[in-house]
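To start, the structure under review is shown below, and the notes come after it.
Numbering (UniProt numbering), first residue to last: 1 to 191.
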């Protein structure tokens with residue numbers, strides 16, 4: 001069996017698609033349809049048979065809710081797990097969705113205050129102060145700084161998540177999560 005690999009162009013396509021994640025917002029699955037849309041380039045690359053593509057897409061049509069600016073690591077890890085599964089690793093649907101659910105909550109807890117509570121108000125205040133003095137650069141500065149940081153968080157998050165491949169499953173399956181809990185608690189106290 002030949003190894004199936006997600007290419008850099010697939011990652012770029014997934015990144016670009018992730019910017020439309022909120023376009024399909026609904027109250028049943030929040031960003032679930034958007035996340036499924038993000039995964040299409042990887043699924044098409046990894047599963048040549050239509051039936052396998054349909055099964056993979058159904059796997060990602062579940063509830064998903066995190067701050068869109070920090071969804072990159074979830075997309076990356078999920079794509080890596082799909083790649084491992086397509087290449088014969090025994091990864092079931094529950095494991096893939098379990099990792100997604102396990103990452104989306106903590107990332108939302110960090111992403112919401114970071115993006116909506118810190119980045120946006122600071123950049124908006126900077127832009128508004130310039131705009132109040134009649135400078136047209138105020139709104140432009142807000143738009144470009146806010147989106148540059150947001151897009152960088154998303155892109156580098158995707159890069160962070162994808163190279164890990166299936167190591168998350170192995171690491172947390174061996175109980176490493178429990179060993180790292182005090183470090184995680186100290187980190188969250190700083191936030």
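Don't be surprised by glycine CBs; every beta carbon is placed ideally from N, CA and C.
Model, not experiment: these values are computed from the prediction.
Suppose you measure from the CA of residue i to the CA of residue j; what does that come to, to the nearest Å?
{"i": "residue 152", "j": "residue 104", "result": "18 Å"}
{"i": "residue 99", "j": "residue 115", "result": "23 Å"}
{"i": "residue 33", "j": "residue 3", "result": "28 Å"}
{"i": "residue 44", "j": "residue 144", "result": "33 Å"}
{"i": "residue 92", "j": "residue 74", "result": "17 Å"}
{"i": "residue 117", "j": "residue 110", "result": "10 Å"}
{"i": "residue 113", "j": "residue 66", "result": "12 Å"}
{"i": "residue 140", "j": "residue 7", "result": "34 Å"}
{"i": "residue 107", "j": "residue 119", "result": "16 Å"}
{"i": "residue 95", "j": "residue 158", "result": "19 Å"}
Give the secondary structure of residue i by DSSP, where H, G and I count as helix, E and B as strand, and everything else as coil.
{"i": "residue 147", "result": "helix"}
{"i": "residue 97", "result": "helix"}
{"i": "residue 40", "result": "helix"}
With a CB to CB cut of under 6 Å and the five nearest residues on each side skipped, what residues in its chain are close to residue i?
{"i": "residue 134", "result": "none"}
Suppose the cutoff is 8 Å on Cβ atoms and the five residues either side in sequence are ignored; what does the same chain contact list for residue i look like?
{"i": "residue 53", "result": "43, 44, 47"}
Among residues of its own chain, excluding the 5 on either side of residue i, which ones have a beta-carbon nearer than 7 Å to its beta-carbon?
{"i": "residue 60", "result": "35, 36, 39"}
Under the assumption that residue i contacts residue j (Cβ atoms under 8 Å), give the Cβ distance between them as a whole number of angstroms.
{"i": "residue 62", "j": "residue 26", "result": "Actually they are not in contact, since the Cβ atoms of residue 62 and residue 26 sit about 13 Å apart, beyond 8 Å."}
Tell me whether residue i counts as near the ligand ATP, meaning its Cβ is closer than 8 Å to at least one heavy atom of that ligand.
{"i": "residue 18", "result": "The ligand ATP is not part of the structure shown, which contains no ligands of any sort."}
Looking at the C-beta of residue i, does it have a partner C-beta in chain D at a distance below 9 Å?
{"i": "residue 62", "result": "Here there is only one protein chain, and chain D is not present."}
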